[in-house]
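Taking it in order: structure first as structure tokens, then the write-up.
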Amino acid sequence: MRLRNIPGSREAIAESRWCVQEPEQFKGNWNQIFGNRNPIHIEIGMGKGRFLMANAQEHPQTNYIGIEKYSSVLLRALQKMEDAPLENIRFIRMEAESITDIFEEGEVGKIYLNFSDPWPKDRHAKRRLTSRQFFARYHAILQKEGCVEFKTDNEKLFDFSLEEVEAAGWTLDKHTRDLHHDQAMAQGNIMTEYEERFSSMGNPIYKLIASR
Ligand code: SAH
């Protein structure tokens with residue numbers, strides 16, 4: 000997701016109480032930010048944050064951190080939080096590649112990847128959020144029982160991701176090529192912005208859950 004640059008979005012993020020500035024400082028101490036020891040679930044590439052906010056509302060005993068690289072996109076999430084604040088959410092504007100700089104080993108309970116950028120060129124494969132290089136980063140921050148949940152409407156990216164789960168030495172716990180018609184996996188499903196858009200166009204939604 001890339002929106003037109005919005006003047007002032009960087010400043011709004013710098014001033015927002017929902018955005019964590021200099022997140023490296025909190026490595027190993029994210030519980031302090033939330034003031035409790037509840038599990039921390041993160042979404043990488045959260046877009047406008049709708050999935051994260053719906054989750055946070057449904058699960059007040061879980062803390063959520065949304066990561067997004069573009070300030071113009073993140074700004075939309077901030078605007079929603081001003082209208083309907085949720086104490087168990089924080090946002091970070093950053094490039095996910097440096098995720099191991101901000102979370103300690105075992106600090107994250109679950110990682111959500113929703114409709115991640117496909118990076119279709121082979122030479123960009125390692126930029127995909129489900130590449131083996133990213134699984135190695137997730138390995139470094141996820142607690143032992145933690146998992147990665149990935150949804151997409153992009154079949155090629157999904158096939159690639161299945162291969163990468165194996166190449167990374169992870170276990171494929173569950174997967175489906177049509178989430179919305181898979182009764183078991185669709186139970187409690189929270190739709191993302193992209194999911195709503197693509198499924199209303201008739202595209203099937205693919206999902207996998209992987210752990211170690
Ligand atoms: N998860 C949302 C948005 C999907 S679009 C939804 O399902 O509706 C993918 C989003 O991920 C975009 O907003 C993009 O800016 C962000 N993104 C992609 N690669 C990223 C990276 N490496 N680090 C941080 N954010 C990233």
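In this text, residue positions in the sequence shown follow numbering that gives the first Met the number 0: the first is 0, and each later residue adds one.
For glycine and all other residues, C-beta sits at the position ideal for the given N, C-alpha and C.
Fair warning: this is a prediction, and the values are worked out from it, not measured in the lab.
- No heavy atom of ligand 1 is found nearer than 7 Å to the CB of Val-19.
- Each of Met-45, Val-107, Glu-96 was checked against the Cα of Gly-27, and the nearest Cα belongs to Val-107.
- Bounds of the beta strand (DSSP E) holding Arg-92 are 88-92.
- The residues Asn-30, in chain order, have a CB closer than 6 Å to that of Arg-36 in the same chain once the five nearest residues on each side in sequence are set aside.
- At least one heavy atom of ligand 1 is found less than 7 Å from the C-beta of Thr-191.
- Taken in chain order, the complete beta strand (DSSP E) segments of 3 residues or longer contained in the region 89-131 are 107-113.
- As the crow flies, the alpha-carbon of Lys-47 is around 13 Å from that of Met-190.
- His-123 is classed as exposed because its beta carbon has fewer than 16 other beta carbons within 10 Å across all chains shown.
- Within the same chain, Cβ atoms closer than 6 Å to the Cβ of Pro-38 are found at Thr-61, Gly-108, the five residues on either side in sequence being excluded.
- Comparing C-alpha distances from Gln-56 to each of Glu-86, Ser-199, Phe-33 shows the shortest one belongs to Glu-86.
- Residue burial is scored here from C-beta neighbours: Thr-129 has at least 16 other C-beta atoms within 10 angstroms and is therefore classed as buried.
- Remark: C-beta atoms of Tyr-193 and Phe-157 do not approach each other more closely than 8 Å.
- Distance from the C-beta of Leu-85 to the nearest heavy atom of ligand 1 is not below 7 Å.
- Linking Ser-115 to Gly-44 through their CA atoms gives a straight-line distance of about 7 Å.
- Collapsing the DSSP output to three states places Ser-15 in coil.
- Between ligand 1 and Tyr-137, a heavy atom-to-CB distance of less than 7 Å is absent.
- Contact between the region 132-145 and the region 177-185 is absent: fewer than three C-beta pairs spanning the two stretches fall below 8 Å.
- Straight-line spacing of the CA atoms in Gln-78 and Ile-88 works out to 14 Å.
- Taking a C-beta distance under 8 Å as the contact criterion, Met-93 and Lys-125 do not qualify as a contact pair.
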